[in-house]
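Have a look at the structure below before the remarks.
There are 2 protein chains.
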Amino acid sequence: MKKSSDNLPSHSQTERSLRELRSRIIAGHWPAGSKLREVALSELLGVSRTPLRAAFMKLEQEGLIERSGAGYTVRGFSIEDAYVAIEIRGVIEGTAARMAAERGVSASELTEIKKTLHAIDDVIQQDSIDGYAQLNDQFHDQLAELAGNELIKHEIERASQLPFAAPSAFSSSSEDIVRFKTSLLVGQQHHHALVQAIERGEGARADALAREHAQLGRANIEAAFIERSENNRTVPQLALVTADQS
Amino acid sequence: MKKSSDNLPSHSQTERSLRELRSRIIAGHWPAGSKLREVALSELLGVSRTPLRAAFMKLEQEGLIERSGAGYTVRGFSIEDAYVAIEIRGVIEGTAARMAAERGVSASELTEIKKTLHAIDDVIQQDSIDGYAQLNDQFHDQLAELAGNELIKHEIERASQLPFAAPSAFSSSSEDIVRFKTSLLVGQQHHHALVQAIERGEGARADALAREHAQLGRANIEAAFIERSENNRTVPQLALVTADQS
DNA sequence: TGATTTCTTCATGTATACATTATTGTGCTT
DNA sequence: AAGCACAATAATGTATACATGAAGAAATCA
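Line order of the protein sequences matches chains A and B.
First residue of the first sequence? That's 1 in my numbering, and the numbers climb one at a time after it.
First residue of the second sequence? That's 247 in my numbering, and the numbers climb one at a time after it.
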């Protein structure tokens, strides 16, 4: 998903620090609860404390770290947190879909999102997982656009920020290929039905479809979580998720 | 509503700057689209640029300002933005209410929120508007607690941050006393029904009630908006809201 | 030996000087 | 007259020194 409000020159130290820290945190480089010390990290990243602190604030906004007294600590998530995050995204996307259906969308907007729809049909036929993830994100972006309001688009982007809450999370991590391909096919059917509902002005149906669609994400998390505990695998996006309460 | 993640010592320059800037922005001290210049403001507030920039980032997070190239500008809102913000809050509160109903809440939690409920009954009887606003916020906080998950509580607080989206927004600004008192009575009936639905495990009903409850907020905005344009009144919380698209 | 208090130490909060980038105004060209 | 290019200016981005407050260690008293 396209990141919003990253209008800094992407070579800035703040941006560099942000990317670096984010990827390391998501990868589980520091366990949940770790304190992030400014001086140590500024030496590690070769950056002064000022842009580092800016990156901290962004990461807090994204929900990956939290203030603890003075300074920040890496946030931990329970599996229920992950479910709730997906639920919230589904509910907001559902609202956007309903708003799109209720206000009505132009023919050109409809044509655009249908293009993406057909492109996804193609990549599924070709078993291209990477292509799917990218187009899936694009579809969800376009869906958010259809609501016709910047505020709700922004909220969807926010709700999709946590590593396990994004629309295409876990789109390539499952080992159960059959289950996964089924999930793709069902998900794409949801996509088609969603566009149809919006086209017909069926707001309640569009809402329900978007919510149910998000539940596929929950199923993917559940599968990844079980696989991880059974096979002792490491799942990147689940590095900060623990079985017990955080 | 209690502010989250304000764990800084409240006498810090960052906190001071944040409070000062926020109140001035909400009051319309700078019109929408104004550029906030660091040096000018640091001289105005008697603070260095460092804590000022920290305050900027918080304000961006709250949605009051936005990046525009380099630096920040005061954000403007259309009346539709205000409606959408309320809609989003209603939808998330509805989700929290549904989750509370579905997981079931303990007797002690129920007792606590019922206390608030009865306290609101009292202040309504006494025509105490200020008392109502405070207790109403408390009720909504407790409702968020009932969902039993920090993440969704946090999301509700976020969605209530914009000055026109908070549960008790406009609770003392209307000149149409009859309309306003009716709104209070209906709102309180919603509160009672919400707690009843949660107590009975009626998730769908709780969800619907929370959403409809939020629509009262929309009605209050609409009334305030019309009053403002008709009587050329200034409504503090609407300072940044314009009739046309922002 | 345990608890409490004080002092030391280290981390974060703040100010400011410097670097770099964005913006704006001016002049030229078409 | 309109638009583009370039330079002057002013803003933000970054580094660092210093101030302040918090956390931990040591020592003293009960």
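For every residue, glycine included, the Cβ atom is placed at its ideal position computed from N, Cα and C.
Note that this is a predicted model, so its numbers are computed, not measured.
Contact with chain A is found for Gln307(B), since one of that chain's Cβ atoms lies less than 7 Å from the residue's Cβ.
Out of Arg404(B), Arg451(B) and Gln434(B), the CA that lies nearest to the CA of Leu462(B) is found in Gln434(B).
Among the residues facing chain B, Ile129(A) is not included, as its CB has no counterpart in that chain under 7 Å away. Assignment of Val424(B) by DSSP, reduced to helix, strand and coil, places it in the helix class. Between the alpha carbons of Thr73(A) and Leu21(A) lies a distance of about 12 Å. Note that the segment 355-375 of chain B touches the segment 437-452 of chain B; at least 3 beta-carbon pairs, one per stretch, sit closer than 8 Å. Per the coordinates, the alpha-carbon of Val424(B) lies some 34 Å from the alpha-carbon of Ala347(B). In the structure shown, Thr50(A) adopts helical secondary structure according to DSSP, grouped into three states. In the DSSP secondary-structure assignment, Val39(A) is not bridged to any residue.
Counting every other CB atom within 10 Å of its CB across the protein chains shown gives Gln125(A) a total below 16, marking it as exposed. Around the beta-carbon of Arg295(B), fewer than 16 other beta-carbon atoms lie within 10 Å, marking it exposed. In the DSSP assignment, Glu312(B) falls outside any alpha helix (DSSP H) and lies within the beta strand (DSSP E) extending over Ile311 to Arg313. The beta carbon of Ser160(A) sits closer than 7 Å to the beta carbons of Met1, Arg89, Ala166 and Pro167 from its chain, once the five residues preceding and following it are set aside; these are given in chain order. Excluding its 5 nearest sequence neighbours in each direction, Val285(B) has C-beta neighbours in its own chain below 8 Å: Arg295, listed in chain order. When Cβ-Cβ separations below 7 Å define contact, Glu222(A) makes no contact with chain B. In the displayed model, Val481(B) falls within coil according to three-state DSSP, outside both helix and strand. Setting aside the 5 residues that flank it on each side, Arg228(A) is surrounded in the same chain by Thr234, Val235 and Leu238, each with a C-beta closer than 8 Å to its C-beta; the list follows chain order. Taking the CA atoms as reference points, Ala342(B) sits about 8 Å from Leu392(B). Not a single CB atom of chain A sits nearer than 7 Å to the CB of Glu458(B). With fewer than 16 other Cβ atoms inside 10 Å of its own Cβ, Ser374(B) counts as exposed. When DSSP states are grouped into helix, strand and coil, Ser374(B) belongs to the coil group. Judged by beta-carbon spacing, His437(B) lies within the 7 Å limit of Leu363(B), meaning their Cβ atoms are closer than that value. Asp141(A) and Arg321(B) have their C-alpha atoms some 22 Å from each other. Membership of Val337(B) in the alpha helix (DSSP H) is indicated by the continuous run Ile325 to Arg349.
Closest option to Gln138(A), judged by alpha-carbon separation, among Leu162(A), Leu151(A) and Ile120(A): Ile120(A).
Using a Cβ distance threshold of 7 Å, Ala206(A) and Arg98(A) count as a contacting pair.
Using a Cβ-Cβ cut-off of 9 Å, Asp81(A) is close to Asn395, Glu396 and Leu397 of chain B, given in chain order. At a cut-off of 7 Å, the C-beta of Val47(A) has no neighbouring C-beta in chain B. Residue nearest to Ala243(A) within the set Phe56(A), Gly104(A) and Phe77(A) is Phe77(A) (criterion: CA-CA distance). Sorting Ala316(B), Gly279(B) and Ser288(B) by C-alpha distance to the C-alpha of Ser263(B) places Ser288(B) at the top. Ile472(B) and Ala465(B) have their C-alpha atoms roughly 11 Å apart.
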